[in-house]
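Participant: I have a structure here, written as structure tokens, and I will follow up with some questions on it.
In the numbering used here, the protein residues as written are 6 to 246.
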């Protein structure tokens, strides 16, 4: 079954009413999912703002999920959860785990439903504190190796969904490496590099796509499979200015 995705990344609080309305229209027109690869909010890595208006605009646009970027990260669990508390959609991060308890609305992965289609999605954040480092003792969160986290997500989701999507905020180099490491992933939607462009990796293949930054552009992706099960993609970069 065909899948349509509208993808953004690195909004950095630059989403406005007009762009949110345009994204909502693209989502509904395509009958697909609206996804973001992180760094949506204004706060920096080590501080928290009383509110993040961009998340309310993302709610209004109908976002289905977003990844945790470095701006959504905080070294204490309470602060990290607080930063994205306004989101009314899954906030995903597979490679950060609390030392105890849960993470509230922040999840490692999720199954997203659109009509009768089940889409598995997981998030990958940039590594802010190296596992085993001195600074890890001051945090009640711990980073696990992103490759291990990706494999765990693939194994948990692949048999349950028609399409598998990674929302990565690790940058273009790691995204290409992820496509080689986990060929079971259908789409890797990346951020952090502030770049644009699409690459096909492997024989299935996997699409690695970056949609730019600051809400200036979004990518509309249409994915389907041919009669032998190979993925086929059509991606169009849309100007949002």
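Ideal Cβ positions, reconstructed from N, Cα and C, are used throughout, including at glycine.
Name the two residues that bound the continuous beta strand (DSSP E) containing residue 155.
Facilitator: First-last for residue 155: 151 to 162, but that is the alpha helix (DSSP H), not the beta strand (DSSP E).
Participant: Where residue 98 and residue 71 are concerned, what is the direct C-alpha to C-alpha distance, given to the nearest angstrom?
Facilitator: Looking at the backbone, the Cα of residue 98 and that of residue 71 are separated by about 9 Å.
Participant: Would you grab the beta carbon distance between residue 2 and residue 42 for me? Rounded to a whole angstrom, and I think it's under 8 Å.
Facilitator: The requested residue 2 does not occur in the structure, where the chain is confined to residues 6 to 246.
Participant: Since residue 119 is in the alpha helix (DSSP H), which residue starts that stretch and which ends it?
Facilitator: That residue, residue 119, is in no alpha helix (DSSP H); its beta strand (DSSP E) goes 114 to 119.
Participant: Is it buried or exposed for residue 138, if we count other Cβ within 10 angstroms and need 16 for buried?
Facilitator: Exposed: under 16 other Cβ atoms inside 10 Å.
Participant: Evaluate residue 18 with the Cβ neighbour count: other Cβ atoms within 10 Å of its Cβ, from every protein chain shown; 16 or more gives buried, anything less gives exposed.
Facilitator: Burial of residue 18 is indicated by the presence of at least 16 other C-beta atoms within 10 angstroms of its C-beta.
Participant: Could you pull out every residue in the same chain whose Cβ sits closer than 8 Å to the Cβ of residue 21, ignoring the five residues on either side in sequence?
Facilitator: When the five nearest sequence neighbours on each side are left out, the beta carbons in the same chain lying within less than 8 Å of the beta carbon of residue 21 are those of 62, 220, in order along the chain.
Participant: Report yes if the C-beta distance between residue 173 and residue 193 is below 8 Å; otherwise report no.
Facilitator: Cβ atoms of residue 173 and residue 193: closer than 8 Å.
Participant: Measure the C-alpha to C-alpha separation of residue 11 and residue 215 and round it to an integer number of angstroms.
Facilitator: 11 Å
Participant: Beta-carbon separation of residue 84 and residue 116 under 8 Å?
Facilitator: no
Participant: By DSSP, does residue 133 sit in helix, in strand, or in coil?
Facilitator: It is coil, neither helix nor strand.
Participant: DSSP on residue 244, reduced to helix/strand/coil?
Facilitator: strand
Participant: How about residue 111 and residue 86: do their beta carbons lie closer than 8 Å?
Facilitator: Yes.
Participant: Just to confirm before moving on: does the CB-CB distance between residue 146 and residue 80 stay below 8 Å?
Facilitator: A contact, by the Cβ cut-off of 8 Å.
Participant: Please name the residue in 125, 154, 185, 143 whose C-alpha comes closest to that of residue 166.
Facilitator: Taking each of 125, 154, 185, 143 in turn and checking the Cα distance to residue 166, the smallest one comes out for 125.
Participant: Buried or exposed, going by whether 16 or more other CB atoms sit within 10 Å of the CB of residue 150?
Facilitator: exposed
Participant: Take residue 246 as the anchor and find which of 206, 232, 223 has the nearest alpha-carbon.
Facilitator: 223
Participant: Assuming residue 192 is part of the alpha helix (DSSP H), what are its boundary residues?
Facilitator: Per DSSP, residue 192 belongs to no alpha helix (DSSP H); it is in the beta strand (DSSP E), 192 to 195.
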